[in-house]
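For the sequence shown, the residue numbers in the numbering used here are 63 to 133.
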Amino acid sequence: MAKALGQTTDPKELVPGNGETVSDSLWVMRGYGDALHDAGEGLKRIDTTEGWSGKAADNFERSSTGSPPSG
63 MAKALGQTTD
73 PKELVPGNGE
83 TVSDSLWVMR
93 GYGDALHDAG
103 EGLKRIDTTE
113 GWSGKAADNF
123 ERSSTGSPPS
133 G
C-alpha cells in the first residue's frame, strides 16, 4: 500500500506502481499506434477508381471509407 503525505519524504512511496513499467508500456503502445497509423495511410492510397472494378472493388470502397467504429 502507498504511504500518505507526511509518512515519508520519498515520492516513490507516495504513488503505487512502477514508473519504469508504465514507461515501457507507453513505448510499446506507441509502437502499435504508429503501426496502425501507417497501415491506415497505406490503405488510403488504394485507389479503386482505375484498374479495379466490379463487386469486390465496390465492396472494398464501401467498407474502407470513413472512420472505424468506436466501441
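Glycine included, C-beta positions come from ideal geometry on N, C-alpha and C.
Using beta-carbon positions only, say whether residue i and residue j come within less than 8 angstroms of one another.
{"i": "A66", "j": "P78", "result": "no"}
{"i": "L105", "j": "S126", "result": "yes"}
Once you ignore the five residues that flank residue i on each side, which residues in its own chain have a CB closer than 8 angstroms to its CB?
{"i": "L76", "result": "A64, K65, A66, L67 and T70"}
Would you say the beta carbon of residue i is closer than 7 angstroms to some non-hydrogen atom of the ligand ATP?
{"i": "L88", "result": "Here there are no bound small molecules, and the ligand ATP is not part of this structure."}
Please work out which residues of its chain come closer than 6 angstroms, Cβ to Cβ, to residue i, disregarding the five sequence neighbours upstream and downstream, and give them in chain order.
{"i": "D96", "result": "none"}
{"i": "G112", "result": "The question names Gly, but residue 112 in the sequence shown is Glu. Closer than 6 angstroms at the Cβ level, and outside the excluded window around E112, lies no residue."}
Restricting to runs no shorter than 3 residues, where is the beta strand (DSSP E) found entirely within the segment 69-122?
Listed in chain order, there is nothing to give.
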